[in-house]
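Step one of this worksheet: look at the structure below.
2 protein chains.
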Amino acid sequence: MPPSRASKASPTPPPAAGSAREKLIAAAIATVRYKGFSATSVDEICQGAGVTKGAFFHHFASKEALAIAAAGAWTDIAEQRIFTLPDWNRIPDPLERLLGHIDFRLSMLDGPAEDYTCFVGTMVQESYNSSDPIRAACDASIRAYALRLAEDIQQAIDIYGIASGVSAVSLAYHIQAVLQGAFILAKANGHPVIARDSVMHLKRYVVMLFTQK
Amino acid sequence: MPPSRASKASPTPPPAAGSAREKLIAAAIATVRYKGFSATSVDEICQGAGVTKGAFFHHFASKEALAIAAAGAWTDIAEQRIFTLPDWNRIPDPLERLLGHIDFRLSMLDGPAEDYTCFVGTMVQESYNSSDPIRAACDASIRAYALRLAEDIQQAIDIYGIASGVSAVSLAYHIQAVLQGAFILAKANGHPVIARDSVMHLKRYVVMLFTQK
DNA sequence: TGACACATACCAACTGGTCGGTATGCTTTA
DNA sequence: TAAAGCATACCGACCAGTTGGTATGTGTCA
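Chains S and C, in that order, give the protein sequences. As numbered in numbering that gives the first Met the number 0, residues 0 to 212 make up the first sequence, in order. As numbered in numbering that gives the first Met the number 0, residues 0 to 212 make up the second sequence, in order.
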């Protein structure tokens with residue numbers, strides 16, 4: 000993940016709708032979410048990106064290197080889709096904003112699972128013992144999300160207080176856990192109904208934490 | 000699985016500590032929990048079981064067939080280890096028993112992740128779009144656990160009541176979701192501390208549901 | 001009782017195909 | 001013209017699954 004690439008004003012117009020590198024990362028994320036990391040072949044990723052294997056190994060030293068780069072890209076994608084674009088981020092009250100976040104995650108649980116599940120959550124299950132660099136990249140992505148979410152939670156705590164013994168970061172990770180677990184239930188069930196139920200339990204819990212101490 | 004073999008006094012010593020079929024299932028469960036389903040080869044499973052590939056395909060028509068059989072075996076293993084053997088199952092009060100269950104799951108979160116994570120939860124992530132028979136087998140295993148847990152929850156509800164709008168089955172699935180999600184966080188983090196935090200949130204939620212309505 | 005027919009359990013060697021990765025050359029752009 | 005960006009062709013290793021075979025039963029009937 001060369002940081003120079005992001006910091007320089009690229010002379011070539013930011014390659015249309017994606018350079019080969021970006022298309023490879025996008026194809027990898029989509030395919031891995033659909034069928035898992037090990038079952039996804041390099042050839043398949045290349046086909047999905049519309050480039051050849053030569054291009055793949057020009058941009059990435061290995062399949063593992065792509066996975067790490069994709070985990071980094073996923074962090075940015077999630078930040079954009081969840082903490083930047085949606086309107087509920089502009090709600091002034093931090094507790095309402097937190098509940099808006101949960102409602103938003105709830106509303107995402109629709110359609111095929113590969114459209115709402117977590118790329119790094121899927122990938123880390125297959126890599127935590129096989130590749131520590133991939134594991135660490137997934138961990139960093141999950142941590143970034145949790146720490147970002149913990150900011151809003153801390154603001155809500157500062158205003159409203161919370162049940163004793165509950166920290167913002169811990170609650171943020173718990174929200175992550177419920178979502179990741181809901182994804183698994185949805186994949187097993189073939190339908191996100193049970194997953195939605197679980198997120199509604201989560202919302203009830205958060206409300207209780209802030210209103211009943 | 001010939002049942003006659005168990006009921007008769009076999010002339011040949013009762014195939015040691017498990018027939019080839021049973022050893023293959025045990026090896027599959029262990030290896031899949033360690034590195035995922037797709038990354039686990041049939042050769043690897045055979046090596047772990049101490050049998051040859053010929054034996055494998057004598058007992059199972061395919062790798063997929065083994066996965067389905069292993070999911071069924073996992074249901075029995077989990078039932079034994081969680082709902083039969085541990086002492087807290089003999090607690091008379093159903094609410095205390097439920098909290099004992101959560102404490103027990105919490106206490107399991109120790110050591111390497113492959114020792115406490117869920118076999119079917121891991122496998123379904125890689126199979127939900129590739130093999131519907133595997134997906135269904137994993138779903139059945141998760142459902143069996145949830146329905147078994149829901150029995151205790153319902154008994155607790157009958158005695159103590161619960162927050163409005165909460166059903167026993169729905170709460171049982173939520174408990175499953177938190178556990179599955181906690182496993183992912185533990186795998187990513189490399190340590191089960193965050194996972195334990197999440198299960199403690201879960202316990203606090205359950206207590207709240209039964210005491211604050 | 002014994003022997004024949006058959007089933008079960010297993011094995012070593014092999015097959016066609018796919019895997020991640022490499023070697024090399026062409027083509028565009030600065 | 002030199003490098004970056006990509007394509008084609010290929011490699012050895014490994015994959016799930018097949019083959020032909022052996023050893024050890026077990027049920028049946030003369």
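Glycine included, C-beta positions come from ideal geometry on N, C-alpha and C. None of these values were measured; they are calculated from a predicted model.
Collapsed DSSP secondary structure at residue i in the structure displayed
i                     : result
residue 108 (chain C) : coil
residue 14 (chain C)  : Summary for residue 14 (chain C): the model assigns pLDDT 38, below 50, so the residue's position carries little reliability; its value from the coordinates is reported in the next sentence. Note: residue 14 (chain C) maps to coil in three-state DSSP.
residue 188 (chain C) : helix
residue 123 (chain S) : helix
residue 205 (chain C) : helix
residue 88 (chain S)  : helix
residue 115 (chain S) : coil
residue 179 (chain S) : helix
residue 162 (chain C) : coil
residue 60 (chain C)  : coil
residue 51 (chain C)  : coil
residue 211 (chain C) : coil
residue 143 (chain S) : helix
residue 3 (chain S)   : Note that residue 3 (chain S) has pLDDT 30, beneath the 50 cutoff, so the model's placement of it is unreliable and no number is given.
residue 70 (chain C)  : helix
residue 169 (chain S) : helix
residue 38 (chain S)  : coil
residue 197 (chain S) : helix
Residue interval of the alpha helix (DSSP H) (run including residue i)
i                    : result
residue 41 (chain C) : 41-48
residue 78 (chain C) : Here residue 78 (chain C) belongs to no alpha helix (DSSP H), and DSSP marks it neither H nor E.
residue 30 (chain C) : 19-34
Beta-carbon proximity list for residue i, same chain, < 8 Å, skipping 5 on both sides
i                     : result
residue 1 (chain S)   : Any answer about residue 1 (chain S) is weak, because its pLDDT of 30 lies below 50 and its placement is not dependable; what the coordinates show is given next. The answer is none, since no qualifying residue turns up.
residue 179 (chain C) : 117, 120
residue 125 (chain C) : 35, 36, 37
residue 206 (chain C) : 98
residue 70 (chain S)  : 118, 119, 122, 133, 136, 137, 139, 140
residue 103 (chain S) : 81, 85, 87
Whole-angstrom C-beta distance between residue j and residue i, which should lie under 8 Å
i                     : j                     : result
residue 67 (chain S)  : residue 136 (chain S) : 4 Å
residue 150 (chain C) : residue 32 (chain C)  : Rounded, the Cβ-Cβ distance is 27 Å, inconsistent with contact.
residue 197 (chain C) : residue 181 (chain C) : 5 Å
residue 65 (chain C)  : residue 185 (chain C) : Contact doesn't hold; Cβ gap of about 26 Å is too wide.
residue 209 (chain C) : residue 94 (chain C)  : 6 Å
residue 168 (chain C) : residue 145 (chain C) : 7 Å
residue 63 (chain C)  : residue 130 (chain C) : 6 Å
residue 23 (chain S)  : residue 58 (chain S)  : 6 Å
residue 200 (chain S) : residue 173 (chain C) : 4 Å
residue 159 (chain C) : residue 204 (chain S) : With 8 Å as the limit, residue 159 (chain C) and residue 204 (chain S) do not qualify as a contact, their Cβ atoms being about 18 Å apart.
residue 143 (chain C) : residue 74 (chain C)  : 5 Å
Partner residues on chain S for residue i, Cβ-Cβ distance less than 8 Å
i                     : result
residue 186 (chain C) : 123, 124, 127, 134
residue 196 (chain C) : 169, 172, 173
residue 179 (chain C) : 179, 180, 183, 184
residue 156 (chain C) : None at all; the shortest Cβ gap to chain S is about 15 Å.
Contact set for residue i: own chain, Cβ-Cβ below 7 Å, skip 5 residues either direction
i                    : result
residue 52 (chain C) : 41, 42, 45
residue 47 (chain C) : 26, 29, 30
Residues that residue i contacts on chain C, provided the C-beta gap is smaller than 7 Å
i                     : result
residue 137 (chain S) : 187
residue 110 (chain S) : Those within 7 Å of residue 110 (chain S) in chain C number zero; the least Cβ separation is about 13 Å.
residue 159 (chain S) : Those do not exist, as residue 159 (chain S) stays about 16 Å from chain C at its closest Cβ, beyond 7 Å.
residue 40 (chain S)  : Simply none; closest approach about 10 Å.
residue 28 (chain S)  : Here the premise fails: no neighbours, minimum Cβ distance about 15 Å.
residue 81 (chain S)  : Correct list: empty, because the minimum Cβ distance to chain C is about 17 Å.
Cβ shell of residue i (< 6 Å), same chain only, five flanking positions each side left out
i                     : result
residue 54 (chain C)  : 19
residue 101 (chain C) : 202
residue 217 (chain C) : Chain C is shown from 0 up to 212; residue 217 (chain C) falls before or after that span and cannot be answered.
residue 191 (chain S) : 108, 185
residue 127 (chain S) : 134
residue 148 (chain S) : 171
residue 39 (chain S)  : 30, 31
residue 193 (chain S) : 184
Chain-ordered chain C contacts of residue i [CB-CB under 8 Å]
i                     : result
residue 207 (chain S) : 204, 207, 211
residue 170 (chain S) : 200
residue 113 (chain S) : 128
residue 64 (chain S)  : Those within 8 Å of residue 64 (chain S) in chain C number zero; the least Cβ separation is about 18 Å.
residue 90 (chain S)  : Those do not exist, as residue 90 (chain S) stays about 24 Å from chain C at its closest Cβ, beyond 8 Å.
residue 224 (chain S) : It is not possible to answer for residue 224 (chain S), since the shown part of chain S is limited to 0 through 212.
Amino acids of chain S, ordered along the chain, whose beta-carbon sits closer than 7 Å to that of residue i
i                     : result
residue 100 (chain C) : Residues of chain S passing the Cβ test: none, with the nearest at roughly 16 Å.
residue 120 (chain C) : 183
residue 193 (chain C) : 172
residue 33 (chain C)  : 128
residue 77 (chain C)  : Within chain S, no residue comes near residue 77 (chain C); the closest Cβ sits about 14 Å away, beyond 7 Å.
9 Å Cβ cut-off: residues of chain C touching residue i
i                    : result
residue 37 (chain S) : 34, 35, 36, 37, 38, 39, 125
residue 67 (chain S) : Near residue 67 (chain S) there are no residues of chain C at all, since even the closest Cβ is about 14 Å away, more than 9 Å.
Cross-chain neighbours of residue i in chain S, by beta carbon under 9 Å
i                     : result
residue 143 (chain C) : Neighbours of residue 143 (chain C) on chain S: none; closest Cβ ~12 Å, over 9 Å.
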